[in-house]
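Below you'll find the structure, written out as structure tokens, and then a few comments.
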Amino acid sequence: MRIHLTVWRQAGPNVGGAFHAYTAENVSPDMSFLEMLDVVNEQLIKKGEEPIAFDSDCREGICGTCGFMISGIPHGSQPHTTVCQLHMRKFNDGDSFTLEPWRAKAFPVLKDLVVDRSAFDRIIQAGGYTSVNTGGAKDANNILIGKDIADAAMDSAECIGCGACVAACKNASAALFTSAKITHLSLLPQGQVERTTRVLNMVERMDTEGFGSCSNEGECEAVCPKGISLKNIATMNKEFWKAVLQS
Amino acid sequence: MALDSKIPSGPLADKWDSHKFASKLVNPANRRKHTVIIVGTGLAGASAASSLGELGYNVLSFCIQDSPRRAHSIAAQGGINAAKNYQNDGDSVYRLFYDTIKGGDYRAREANVYRLAQSSVNIIDQCVAQGVPFAREYGGHLDNRSFGGAQVSRTFYARGQTGQQLLLGAYQSMQRQVAKGSVKQFAQREMLDLVLINGQARGIIVRNLVTGQMERYVADAVCLATGGYGTVYYLSTNAVGSNVTAAWRAHKRGAYFANPCFTQIHPTCIPVSGEHQSKLTLMSESLRNDGRVWVPKNNGDKRNPADIPESERDYYLERKYPSFGNLVPRDVASRNAKQVCDDGRGVGESGLAVYLDFKDAIQRLGHDVVAGRYGNLFEMYEKIAGEDPYKSPMRMYPAIHYTMGGLWVDYNLMSNVQGLHVLGEANFSDHGANRLGASALMQGLADGYFVIPYTLAHYIAGTKVEKVTTDHDAFKEAEDNVQQRINKLLAVKGSKTPRALHRELGQIMWDNVGMARTDASLKDALVKIPKLREEFWHNVSVPGDQNSLSKNLEYAGRVADYLEFAELLALDALTRTESCGGHFREESQTPDGEAQRDDDNFTHVSAWEFQGVGQKPNLHKEPLVFEEVHPSQRSYK
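Taken in sequence, the protein lines are chains G and B. Residues are numbered in this note's numbering as their position in the first sequence, beginning at 1, plus a constant of 1113. Residues are numbered in this note's numbering as their position in the second sequence, beginning at 1, plus a constant of 8.
What follows is the structure, given as structure tokens:
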């Protein structure tokens, strides 16, 4: 297969960027999208040019490192798939794609397709945990959790923090990411003690980091590689207003 | 230097408790005056950072990823072992200890493994308290499954994402300490040298991977939790960023590297599809609980699997190992897959695959139950291989997955370099020659949550360190050393990419130092590796400069280190003429083809001391003493 690419190239955080055209030749249908980019980069390196910078690590869809826009859609058009798991057999010879980094004020571009997502760490620092020190935890089976509750908590906890939800949102809102952690912990008995302060602090942090508001478009859910549900945001809003009234 | 493992005296079951009591303590008010560097934020690094931060130490945490949450522990699928005996099926701390020692083919330290088994029960309690959503029974109790060659159900799991959930638990605890200020987090920093002052590990040189600038950090002690070296084989189940660089640079500063030839090949991975392939994807071995492994009985039978009748299938694991069947340990399952493929009975286009079939499980349990247990794995397989496992059997082949070898550490997890501690997969101590399934998560968290908080305190309380800053000459020398190497990489301006050279190295390693090793194949590797290293330094291409984000420069540096390290791995494999666990020397096998240990000559840890690139390293042997378990021929028949 031959694939045509238009790629955003930007040398550093504080400089302008531009689109450049590349062609990937001899693309095998068994390649992942990133492996196709590896091949493009190999050719660039051989020519003495700087390869396209993109992030990736586990290449099995769980670390959340990879991600960029493929023709306007985060991680590309295949549902529930990170770009490392997107395979070229889903495309046709001669297809063209435009690759861009996540675009969001809270995710400044570092280089080409790589952005700074440390704002997500800071949202977690604001309360995305249970305050339990190592040692002295009671026997695990002393905390009974119904299977349905545990499963629902797991549904939320599956978020890989890739940032696709922010990139898809016209407001660059981090509501899906933040709400997934809030929902995970608010469902479990272990998360009850800090339930009120957690939601208030995490929502506040989300705002100060420069993420926009949620206006319920549902774009985030549609592109989420882990299928994190929009219901998490409803839960977060409910938790938030409850907390506001309580405090 | 004589290796002192510092194993406490006394009965096995009391060693850790008495050692903890005998260890020195650091007064809570004084802890913040002590700085600890922790490199790596996987299960071992993140759990150590959070625990030490909670205790009040001033912790500096480093990782190469853009967030600590992305460390490769996140990819572990199957589960974590713990001797809880919740299932009333005969498990105990002693049995977990025994299984781990036996599974490691009697090449691990008894005392370390016993402590690991003891800590396992606390890990589950800790993780549940953090809110890790482990699988539950309908009554609300924790669910367990049997995993990877264990005859009890002691594995706790969170769907197929146990590593992710445990890592997020540790990461969240660490973020709580970051918010409190006791842990300072430095993401996108790569450790490129260890700084020694008066023989003590006192700091590190890192490259800021975003700006390209060198940075110096000083501390009272350094902990490496930088993972394994599986990517020396190029294709492995490890993340593409996983590397040996931090451990190797510490080795070059004097830390001994122990048992590098102990590598684990995971039996169930998606087979290679072409040269473009950048990594191999593991399919959790929990699949072997219900899936049946088979190949056609006849050589070269290329029929569609559905067209091969039962009578012409060879369920070779069930046939050869009736009591363990498809659940034999990883090394045994991998070797058998290789054997049937070498016999010409492999399946798929390349002939390098075996079937893992769920047809019987779907008939017995129904589609929904199978989907509940393995749904996400089936989905993953379909994405990568383009086939639906509900309809046709999966094709599987072994791949490099984990490395049991690592930097040598004593019972306190301290290397032979004073103050340099090594945690998790980066050290060598607990898995011997073969790691059992669901034990890596256990070890990473045991080291970080429950071992290092005690042993590091003992070191800090009992050691005088000179008051120094990063202006000390040793920091300048180390930074210059790092800078020179980078300059050298950029100056080559050759025509081969780091990836192409890495792929060549991987091929040498897989062919010669892979699942089956011989005297001739290892000697061949020891000729080819230095040649490739020579080529690398004459022909590698690293365009661009060092003063910005450059993935290619990072990668080139890691490949350069692998080209040095690979030689040590091959040499260790050549020197250890016995077979044990994942290290299979064809010259040393039982009449029916199982690994044959040579206890008289090899009941020891091989710890190698660096003597210069291309120079033969010095071998130090730490004898392994078995007071509790009598080494026997492993049998899973």
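Note that beta-carbon positions come from the ideal geometry of N, C-alpha and C, so glycine has one too.
Beta bridge counterpart(s) of residue i as assigned by DSSP
{"i": "Met199(B)", "result": "Val214(B)"}
{"i": "Thr1136(G)", "result": "His1117(G)"}
{"i": "Ile88(B)", "result": "Phe164(B)"}
{"i": "Ile1258(G)", "result": "Bridge partners of Ile1258(G): none, in fact."}
{"i": "Gln185(B)", "result": "According to DSSP, which records beta bridges pairwise, Gln185(B) is partnered with nothing at all."}
{"i": "Gln597(B)", "result": "Ala603(B)"}
{"i": "His429(B)", "result": "Cys231(B), Met422(B)"}
{"i": "Lys501(B)", "result": "Lys501(B) is not bridged to any residue."}
{"i": "Met1182(G)", "result": "Pro1187(G), Glu1213(G)"}
{"i": "Leu415(B)", "result": "Phe265(B), Asn435(B)"}
Cβ of residue i within 9 Å of any chain G Cβ
{"i": "Ile88(B)", "result": "no"}
{"i": "Asn130(B)", "result": "yes"}
{"i": "Gly249(B)", "result": "yes"}
{"i": "Asn96(B)", "result": "no"}
{"i": "Arg507(B)", "result": "yes"}
{"i": "Asp74(B)", "result": "yes"}
{"i": "Phe155(B)", "result": "no"}
{"i": "Gly452(B)", "result": "no"}
{"i": "Met388(B)", "result": "yes"}
{"i": "Gly148(B)", "result": "yes"}
{"i": "Pro36(B)", "result": "no"}
{"i": "Arg184(B)", "result": "yes"}
{"i": "Phe142(B)", "result": "yes"}
{"i": "Ala83(B)", "result": "yes"}
{"i": "Tyr242(B)", "result": "no"}
Residue j beta carbon less than 9 Å from that of residue i
{"i": "Ala52(B)", "j": "Met182(B)", "result": "no"}
{"i": "Ala56(B)", "j": "Gly235(B)", "result": "no"}
{"i": "Ser1328(G)", "j": "Thr1296(G)", "result": "no"}
{"i": "Gly1130(G)", "j": "Asp1225(G)", "result": "yes"}
{"i": "Phe1353(G)", "j": "Leu1313(G)", "result": "yes"}
{"i": "Trp1121(G)", "j": "Pro1214(G)", "result": "yes"}
{"i": "Ala1263(G)", "j": "Ala254(B)", "result": "no"}
{"i": "Gly1207(G)", "j": "Leu1199(G)", "result": "no"}
{"i": "Glu594(B)", "j": "Arg525(B)", "result": "yes"}
{"i": "Arg123(B)", "j": "Lys32(B)", "result": "no"}
{"i": "Trp616(B)", "j": "Leu579(B)", "result": "yes"}
{"i": "Met199(B)", "j": "Val214(B)", "result": "yes"}
{"i": "Val1228(G)", "j": "Ala1217(G)", "result": "yes"}
{"i": "Ala486(B)", "j": "Leu202(B)", "result": "yes"}
Short CB-CB distance (under 9 Å) between residue i and chain B
{"i": "Val1153(G)", "result": "no"}
{"i": "Leu1157(G)", "result": "yes"}
{"i": "Ser1145(G)", "result": "yes"}
{"i": "Glu1173(G)", "result": "yes"}
{"i": "His1297(G)", "result": "yes"}
{"i": "Pro1187(G)", "result": "no"}
{"i": "Cys1282(G)", "result": "no"}
{"i": "Val1245(G)", "result": "yes"}
{"i": "Met1149(G)", "result": "yes"}
{"i": "Gly1180(G)", "result": "no"}
{"i": "Arg1230(G)", "result": "yes"}
{"i": "Asp1206(G)", "result": "no"}
{"i": "Asn1254(G)", "result": "yes"}
{"i": "Gly1124(G)", "result": "Note that residue 1124(G) is Ala in the sequence shown here, rather than Gly. Judged by the 9 Å Cβ criterion, Ala1124(G) is in contact with chain B."}
{"i": "Pro1214(G)", "result": "no"}
Residue interval of the beta strand (DSSP E) (run including residue i)
{"i": "Ala5(B)", "result": "A question about residue 5(B) goes unanswered here, because the residues of chain B that appear run from 9 up to 645."}
{"i": "Asp365(B)", "result": "362-365"}
{"i": "Glu630(B)", "result": "626-631"}
{"i": "Arg224(B)", "result": "222-226"}
Residue range of the unbroken alpha helix (DSSP H) whose run includes residue i
{"i": "His546(B)", "result": "527-547"}
{"i": "Cys135(B)", "result": "118-138"}
{"i": "His466(B)", "result": "460-470"}
{"i": "Gln272(B)", "result": "No alpha helix (DSSP H) contains Gln272(B), which is instead part of the beta strand (DSSP E) from 271-277."}
{"i": "Ala1277(G)", "result": "1277-1281"}
Q) Taking one C-beta from the stretch 88-100 of chain B and one from the stretch 112-131 of chain B each time, how about it: are there three or more such pairs within less than 8 Å? A) yes
Q: Determine, using beta-carbon pairs with one atom in the stretch 241-252 of chain B and one in the stretch 216-227 of chain B, whether at least three such pairs fall under 8 Å.
A: no
Q. Taking contact to mean at least 3 C-beta pairs separated by less than 8 Å, is the stretch 1330-1350 of chain G in contact with the stretch 1272-1282 of chain G?
A. yes
Q.
Does the contact criterion of 3 or more C-beta pairs under 8 Å hold for the stretch 34-43 of chain B versus the stretch 465-477 of chain B?
A. yes
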